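For reference, the structure discussed in these notes is given below.
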Amino acid sequence: MSLDYTSAEMMTVTAARALENGMTCFVGIGLPSEAANLARLTHAPDVVLIYESGTLQTKPDVLPLSIGDGELAETALTTVAVPEMFRYWLQGGKIDVGFLGTAQIDRYCNLNTTLIGDYREPKVRLPGGGGAPEIATNAGEVFITLKHSKRAFVDKVDFVTTLGFGRDGKGRDGVPNIGKGPTRVITDLCVMKPDPETKELVVVSLHPGVTVADVQEATGWELRFADDLGATPEPSAHELEILRDLKARTAHAHSGE
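To convert a position in the sequence shown, counted from 1, into my numbering, add 332.
Written out as structure tokens, the structure is:
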């Protein structure tokens, strides 16, 4: 029996599956938070979710609106000061994976959450880096999840807020005490990983019903596809049920009713 699901649900389930049980994960708000909490509620009950506001091992019943959402503190094992969170937990090498979203990404996994357009006269001001630059520097590895479009997947980001591998793919070369950086990008069309040598993103699997042409059409540069291009496994009925329940609870909680 085939399941009905949206491309957004496919993306969240695939991103959730990237997290393994027992990992310590520094979670970004939005799509990363949705995926990380789905992982916690399904195959990875012992994943340790940490948010930038200093909440450790938090287990929210509904998805937070921001890092300052009371739901995170109320359901956390404990909370610590933000400086301690960054100095001791993150810079101390205690975070396995950082899970980030972004507004723009380029072929070398550089992220832009600062502005769109020219720095001196931007068309749009974005929220800024928050903790993402530090997370990408100090976490063991970084997962990125975002919806696939030419507006998001650009040849060169307008501003490097968060380092992937630099403008030439060599931004991490010879730099001590730095994590692996981005190891996978999960979108609503495909999964991508950096080439081990050049660090340029390569499409490694296509989601069900998605073609090579679909992905290329939604990307602002000439993409590379793996020789052994795979097919991303479909969501299970259980994963979809848990995700939909989580989203419904969240919508109700934030509706003010």
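Think of the CB as a built atom: it goes at the ideal place given N, C-alpha and C, for glycine as much as any other residue. Remember, predicted model here, so these are calculated numbers, not experimental data.
Query                                                                                                                                                                                                : Result
Decide if aspartate 520 is buried, meaning its Cβ has at least 16 other Cβ atoms within 10 Å, or exposed.                                                                                            : buried
Going by the beta-carbon positions, is the gap between threonine 493 and glycine 461 smaller than 8 Å?                                                                                               : yes
Looking at C-beta atoms only, is the number of pairs between the stretch 344 to 362 and the stretch 414 to 432 that lie closer than 8 Å three or more?                                               : yes
Note down the Cα distance separating glycine 386 from aspartate 559, rounded to an integer number of angstroms.                                                                                      : 42 Å
Use the C-beta contact count for asparagine 509: other C-beta atoms within 10 angstroms, 16 or more gives buried, fewer gives exposed.                                                               : exposed
Per DSSP, which residues does glutamine 436 bridge with? Please list them.                                                                                                                           : Asn444
Please go through the same chain and pick out, in chain order, the residues whose beta-carbon is closer than 6 Å to the beta-carbon of threonine 551, but skip the five residues on each side of it. : Phe485
Measuring only the C-alpha atoms, how far is threonine 411 from alanine 405?                                                                                                                         : 7 Å
With distances taken from CA atoms, which of Thr338, Glu403, Ser339 is nearest asparagine 369?                                                                                                       : Glu403
For alanine 563, write down the residues that DSSP places opposite it in a beta bridge.                                                                                                              : Leu538
For the putative contact between glycine 496 and cysteine 441, defined by C-beta atoms under 8 Å, what is the C-beta separation to the nearest angstrom?                                             : 3 Å
Round the Cβ separation of valine 547 and leucine 555 to the nearest angstrom and send it over; I've been treating them as touching at under 8 Å.                                                    : 6 Å
I need the boundaries of the alpha helix (DSSP H) containing threonine 582, first residue and last residue.                                                                                          : 569 to 585
What first and last residue would you give for the beta strand (DSSP E) that runs through threonine 356?                                                                                             : 356 to 359
Could you say which of Leu538, Lys479, Lys488, Leu478 lies nearest to glycine 449 if we only look at CA atoms?                                                                                       : Lys488
Determine the contact status of leucine 397 and isoleucine 467, defining contact as a CB-CB distance below 8 Å.                                                                                      : no
Between which two residues does the beta strand (DSSP E) containing alanine 456 stretch?                                                                                                             : This sequence places valine at residue 456; alanine is not what is there. Counting along the chain, the beta strand (DSSP E) containing valine 456 begins and ends at 454 to 457.
Roughly how many whole angstroms lie between the Cα atoms of leucine 572 and leucine 409?                                                                                                            : 27 Å
Start and end of the beta strand (DSSP E) containing methionine 524?                                                                                                                                 : 522 to 526
For phenylalanine 418, name the three-state secondary structure that DSSP assigns.                                                                                                                   : helix
Tell me, please, whether the stretch 499 to 515 touches the stretch 364 to 384 by the rule of three or more beta-carbon pairs shorter than 8 Å.                                                      : no
Just mark valine 523 as buried or exposed, buried being the case when its beta carbon has 16 or more other beta carbons within 10 Å.                                                                 : buried
Got a sec, what are the start and stop residues for the beta strand (DSSP E) proline 377 sits in?                                                                                                    : Neither: proline 377 is in no beta strand (DSSP E) and is coded neither H nor E.
Which two residues bound the contiguous alpha helix (DSSP H) that contains proline 465?                                                                                                              : 464 to 470
Let me check one thing: in DSSP terms, what residues is isoleucine 382 bridge-paired to?                                                                                                             : Phe358
Alpha carbon to alpha carbon, how far is aspartate 500 from alanine 580? Give it in angstroms, no decimals.                                                                                          : 43 Å
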